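Trainee:
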Amino acid sequence: MESPLTHVQPWLKNHHPYLISGPCSVETREQFLTAARALAATGKVNALRGGIWKPRTRPNAFEGIGGKGIEWMLEARAETGLPIMTEVATAEHVELCLQHQFDMLWIGARTTANPFSVQEIAEALKGVDIPVFVKNPVNADLSLWIGALERIYAAGIQRLVAIHRGFSYYGQSIYRNKPMWEIPIALRSAFPDLPMVCDPSHIGGRRDLLAPIAQRAMDLGFDGLMIESHPTPDQAWSDAAQQITAEVYQQLIDALQIRQHNTNDLAATNALASLRSQIDKIDEEVIGLIGERMRLAEHIGAYKKDHNMMIFQLDRWQEIIATRSQLADRIGLSKDFIDKFLEQLHKESIRTQTRVMNQTE
């Protein structure tokens with residue numbers, strides 16, 4: 001069944017990159033106006049963000065200033081001329097923002113993870129024309145992300161944007177939320193017209209990680225960035241470690257290398273086509289060799305069946321890991337890549353041998 005997202009408007013792609021900034025939380029009138037003025041002065045912001053309602057992990061954390069922050073955001077818009085946006089998690093939030101004519105809304109990761117909550121928001125959005133940004137769910141579930149986008153689109157919202165903010169991960173990582181770039185890339189591959197913005201603040205969780213994450217997003221063809229900025233980051237009421245001043249924000253944006261999707265340079269285009277042709281040939285050879293390997297696995301499966309041997313041979317698997325990892329290291333392949341490659345190759349080999357051994361005469 002074709003997804004309705006194939007018909008989404010690529011409206012954000014006319015602004016490259018589309019830059020959103022502002023504090024994690026709207027704390028006081030003075031704080032938000034100061035942040036808005038400083039960001040507007042950079043000339044490098046397309047929209048102001050600010051969290052009025054904050055769905056926090058722990059109940060004693062600051063959960064947002066609430067509805068009174070709306071007036072402060074409206075004042076900032078009137079003074080700077082910049083569009084304003086905030087996070088909505090309930091139908092009541094949506095209704096208040098629409099009543100006060102907010103320019104854009106976003107749905108947070110915790111809300112995206114709950115189809116009931118997303119549907120409630122979708123119902124509240126019916127009959128209005130407002131851009132809605134949808135963050136990926138907390139867990140690494142592409143279908144859940146797509147489902148949330150489809151629910152909002154079904155409500156009549158055609159100006160949709162996906163926000164990549166990383167995924168929760170149990171274990172050690174330098175990131176607050178692991179980027180898992182393959183997931184937003186899969187979303188982009190499925191829906192090329194769907195605009196996509198990266199949120200380095202929530203991926204990194206640390207100021208020193210913002211610049212490399214933002215550059216990676218530009219290199220991968222993201223349409224924009226959402227970066228948190230605060231007049232005094234260390235005194236922020238929420239997520240202090242990931243916020244930066246407007247001055248640092250401007251330096252970060254100025255240092256970005258903005259990549260183009262294509263080039264008008266004929267020589268460069270021809271050179272790229274030649275390199276891609278070589279990759280196509282190598283891929284064809286690699287897939288053919290993997291096919292040969294699986295045919296040998298079939299013979300091994302038949303041998304084990306004839307000699308009543310177990311499929312999984314630990315000593316052989318350990319030998320493969322050790323020797324192939326050494327080979328990969330010598331030619332400069334990352335350990336993470338070769339480990340994943342060998343794991344998938346081994347799974348397919350086990351599957352092939354299992355099929356052979358369970359065949360009846």
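Number 89 in my numbering belongs to position 89 of the sequence shown; there are no gaps in the numbering.
Note that CB positions come from ideal geometry on N, CA and C, so glycine has one too.
Since the structure is predicted, the reported quantities are computational estimates derived from the model, not experimental observations.
What's the gap between the Cα of A140 and the Cα of P115?
Mentor: As a first step, residue 140 must be located in the sequence shown, where it is residue number 140. As a first step, residue 115 must be located in the sequence shown, where it is residue number 115. Near 15 Å, if we compare the C-alpha coordinates of P115 and A140.
Trainee: Using 8 Å as the Cβ pair cut-off and three pairs as the minimum, do the stretch 30-44 and the stretch 262-279 touch?
Mentor: Cβ pair count under 8 Å is below three, so no.
Trainee: Among E150, W145 and I331, whose alpha-carbon lies nearest the alpha-carbon of E123?
Mentor: Sequence index remark: in the sequence shown, residue 123 carries index 123 (1-based). Checked all of E150, W145 and I331; the closest Cα to E123 is E150.
Trainee: Along the beta strand (DSSP E) that carries C198, what are the first and last residues, could you check?
Mentor: Position 198 of the sequence shown, counting from 1, holds the residue named residue 198. Note, C198: beta strand (DSSP E), M196 to C198.
Trainee: Less than 7 Å between C-beta atoms, sequence neighbours within five positions excluded: which residues of the same chain meet that for L256?
Mentor: Indexing the sequence shown from 1 puts residue 256 at position 256. Counting only Cβ-Cβ distances below 7 Å, and skipping sequence neighbours, we find A214, Q215 and M218.
Trainee: Where does T86 sit, in a helix, a strand or coil, going by DSSP?
Mentor: On the sequence shown, residue 86 is found 86 positions in, with the first residue counted as 1. Here T86 sits in strand by DSSP.
Trainee: With 16 other CB atoms within 10 Å as the buried threshold, where does V161 fall?
Mentor: For this step, residue 161 is matched to residue 161 along the sequence shown. Buried: at least 16 other Cβ atoms inside 10 Å.
Trainee: If we ignore side chains and look at the alpha-carbon of each, how far apart do F191 and T6 end up?
Mentor: By 1-based counting over the sequence shown, the position of residue 191 is 191. By 1-based counting over the sequence shown, the position of residue 6 is 6. Going from the Cα of F191 to the Cα of T6 covers about 6 Å.
Trainee: So what does DSSP say about Y169, is it helix, strand or coil?
Mentor: Against the sequence shown, residue 169 aligns to sequence position 169. Correct three-state label for Y169: coil.
Trainee: With a Cβ-Cβ cutoff of 8 Å, do P195 and P17 count as a contact?
Mentor: For the purposes of this step, residue 195 is identified with residue 195 of the sequence shown, where counting begins at 1. For the purposes of this step, residue 17 is identified with residue 17 of the sequence shown, where counting begins at 1. For P195 and P17, no; Cβs fall outside 8 Å.
Trainee: Comparing alpha-carbon positions, which option in K335, G108, I183 and Q326 lies nearest K135?
Mentor: Within the sequence shown, residue 135 is the residue found at index 135, counting from 1. The shortest C-alpha separation from K135 is found at G108.
Trainee: For M85, which option in E92, V26 and P59 has the closest C-alpha, if you only look at C-alpha atoms?
Mentor: Working through the sequence shown from its first residue, we reach residue 85 at position 85. The option with the nearest alpha carbon to M85 is V26.
Trainee: Looking only at its chain, what residues have a beta carbon closer than 6 Å to the beta carbon of C198, apart from the 5 residues adjacent to it on each side?
Mentor: As a working note, residue 198 is residue 198 in the sequence shown. Hits under 6 Å: H164, A217, F222 and L225.
Trainee: Which stretch, first to last residue, makes up the beta strand (DSSP E) that contains G69?
Mentor: For the purposes of this step, residue 69 is taken as the residue at position 69 of the sequence shown. Premise fails: G69 lies in the alpha helix (DSSP H), G69 to T80, not in any beta strand (DSSP E).
Trainee: Classify H307: buried if its beta carbon has 16 or more other beta carbons within 10 angstroms, exposed otherwise.
Mentor: On the sequence shown, position 307 is the one that residue 307 refers to. That one is exposed.
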